[in-house]
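The sequence shown lines up with residues 385 to 585 when you count with our numbering.
C-beta: ideal position from N, C-alpha, C; glycine also.
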Amino acid sequence: MVQSIESINYPDLLGAVTGGKRLNIDLVQCALSTRPDAVRAGQNFEVIFLIQNVVDVDVDVTVEMKLPERDLLKRRNMFYSKSSRILVGLQPAEVGYIILPASCSPKTEHGEQYSVSATVQVDRPDKHHKPQRIRGINGGGGFSFEMLPERTQQLLLDLRKLSWEVEHQAAAITSRRPLACYPPGWPPSRSSRWAGKACGP
């Protein structure tokens, strides 16, 4: 059980990025996006998972990316990734994002009916310390954008340009978003990474 501290409401960085969209999963809030929104057959793309810790304890978050199993012609392995699962540790109040690289085959049948999703598991390393909520279920408090470090400001501006989804699948703790695939193209490849920062009031 999570205790609530009414007088504390840490800044809502996730909501500032997503326009208020969020999915509450256990002790974190999250949202899912892809970059770019639509991919071309043969193109690399990124699945981006934004996470906000809403309690005053460390949490471990395991995110597993789910790519389409078949293309529209029912062919397998048209979408693939070398790293579909990642575990990150968040400090109290920390906000950050996971980038999982993915690709689709040049032979992928193009269309707008595809989707990607991420399954989330949350764990507390310290089972003896009772977590206390420091952000509301609908987000945290406001903050002055200009007071953030310049690098953080630029990161938030870049993330704001993306389209964020928070659809919750009933069968699992999963966030899902649509993905369109168009004729071939190719951008630079990328690697999995986590970017996070502890955030105070």
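First and last residue of the uninterrupted beta strand (DSSP E) at L407: DSSP places L407 inside the beta strand (DSSP E), whose first and last residues are 407 to 409.
Where does I521 land, buried or exposed, given buried means 16+ other C-beta within 10 angstroms? Here I521 is exposed: its Cβ has fewer than 16 other Cβ atoms, across all protein chains shown, within 10 Å.
Just curious, the alpha helix (DSSP H) that E496 is in, first and last residue? First-last for E496: 495 to 507, but that is the beta strand (DSSP E), not the alpha helix (DSSP H).
If R508 sits next to V443, beta carbons under 8 Å apart, how far is it from one beta carbon to the other, in whole angstroms? Indeed, because the Cβ distance is near 6 Å, the residues count as touching under 8 Å.
Could you check the C-alpha separation between C565 and E496 for me, to the nearest Å? Those two C-alpha atoms are separated by around 6 Å.
With a threshold of 8 Å, are at least 3 pairs of Cβ atoms found where one atom belongs to the stretch 422 to 431 and the other to the stretch 476 to 488? The answer is yes - the stretch 476 to 488 touches the stretch 422 to 431, with three or more Cβ pairs under 8 Å.
Less than 8 Å between the beta carbons of A400 and L540, yes or no? Cβ distance < 8 Å, so A400 and L540 count as in contact.
Taking the DSSP output, what are the residues bridged to E430? Under DSSP, E430 forms a beta bridge with R419, P485.
Since D396 sits in a beta bridge, which residues does DSSP pair it with? D396 is not bridged to any residue.
Between A555 and the rest of its own chain, which residues show a CB-CB distance below 8 Å, the 5 nearest in sequence each way excluded? Because A555 carries a pLDDT of 42, less than 50, the predicted location of this residue cannot be relied on, and the following value inherits that uncertainty. Leaving aside the five residues that flank A555 on each side, none in its chain has a CB nearer than 8 Å to its CB.
In the DSSP assignment, what are the bridge partners of F342? As shown, the chain starts at 385 and ends at 585. That puts residue 342 outside it, with no answer to give.
Look up L471 in the DSSP assignment and say whether it is helix, strand or coil. L471 falls in the strand class under three-state DSSP.
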